[in-house]
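Written out below as structure tokens is the structure these notes cover.
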Amino acid sequence: MPRSWISRSLATVIPVPKYPHSSSLLGPASIPLIDDVLVESGTNMSLGCPGMTQNTFVVHIEWTCTGRCGSPSNLPSDTTHTLLKYVKDQGTSVFKNKDRVRLDQGLFSLEFDPVSSLDRGSYSCLINNRPNPDAVIRLNVLAGKVIHGGRYLV
Numbered sequence: 002m003p004r005s006w007i008s009r010s011l012a013t014v015i016p017v018p019k020y021p022h023s024s025s026l027l028g029p030a031s032i033p034l035i036d037d038v039l040v041e042s043g044t045n046m047s048l049g050c051p052g053m054t055q056n057t058f059v060v061h062i063e064w065t066c067t068g069r070c071g072s073p074s075n076l077p078s079d080t081t082h083t084l085l086k087y088v089k090d091q092g093t094s095v096f097k098n099k100d101r102v103r104l105d106q107g108l109f110s111l112e113f114d115p116v117s118s119l120d121r122g123s124y125s126c127l128i129n130n131r132p133n134p135d136a137v138i139r140l141n142v143l144a145g146k147v148i149h150g151g152r153y154l155v
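Residue numbers (our numbering): 2 to 155.
Encoded structure:
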């Protein structure tokens, strides 16, 4: 079952078994469990910020991604990108894919409108300058149509 921080109302989300992560790709071993998410390219989707609750007092949010993250394939797959930052009373600065990526100001979720196959990567949300995220979300985007049973057509 997908975690609560993944919006199922906007996209077809298929849970994928969890695997231990490579510390060389995602940083120190203290980074928690990876949640794998599989979505269809061209759909709108939202990734909620793990660790965020309705009672969380937010001063600063930073969404990062390790992988392609919307960039051309000639970049190394272990490159970490800062996608956007939110600072209370200063607003949101979007650094990558400004035409398709934005921050939901209420829930601080990362919204894709639409998601592209280039968006695959490992996404992290850092709340109030915490050194590590509560979880890492590994986003896999299929170029074809998702059909019943988790299979897809190209």
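Backbone N, C-alpha and C define an ideal beta-carbon position, used for all residues, glycine too.
Query: Is C66 closer than 8 Å to S110 when the C-beta atoms are compared?; Result: no
Query: Is L85 closer than 8 Å to W64 when the C-beta atoms are compared?; Result: yes
Query: Is the segment 85 to 96 in contact with the segment 129 to 139, if contact means three or more CB pairs nearer than 8 Å?; Result: no
Query: Please identify the residue among T81, V116, G52 whose C-alpha is closest to the C-alpha of T44.; Result: V116
Query: Scan the segment 55 to 83 and note each continuous beta strand (DSSP E) run of 3 residues or more that stays entirely inside, going in chain order.; Result: 61 to 68
Query: At 3 residues or longer, what runs of the beta strand (DSSP E) sit wholly inside the segment 101 to 140?; Result: 102 to 104, 111 to 113, 122 to 128
Query: Whole angstroms are fine: how far does the CA of F113 sit from the CA of T57?; Result: 23 Å
Query: Please name the residue or residues paired with M53 in a DSSP beta bridge.; Result: Answer is none; M53 lacks a bridge partner.
Query: Considering Cα atoms alone, identify which of L143, R139, G71 is closest to C50.; Result: R139
Query: Looking at the unbroken beta strand (DSSP E) that takes in L39, where does it start and where does it end?; Result: 35 to 41
Query: With C-beta atoms as the reference, is R101 less than 8 Å away from R69?; Result: no
Query: Considering only C-alpha positions, which residue in the set V88, S72, M46, V137 is nearest to I62?; Result: V88
Query: Residues in the same chain with beta-carbon distance under 8 Å from L104, minus the five sequence neighbours each way, listed in chain order, please.; Result: I62, W64, L85, Y87, T93, V95, S110, L111, E112
Query: Output needed for G107: all residues of its chain with C-beta closer than 6 Å, excluding positions within five of it in sequence on either side, in chain order.; Result: none
Query: Grab me the residues of N98's own chain with a C-beta within less than 7 Å of its C-beta, minus the 5 sequence neighbours each way, in chain order.; Result: G71
Query: Excluding the five sequence neighbours on either side, which residues of its own chain have a C-beta within less than 7 Å of the C-beta of I128, listed in chain order?; Result: C50, G52, M53, T57, V59, I62
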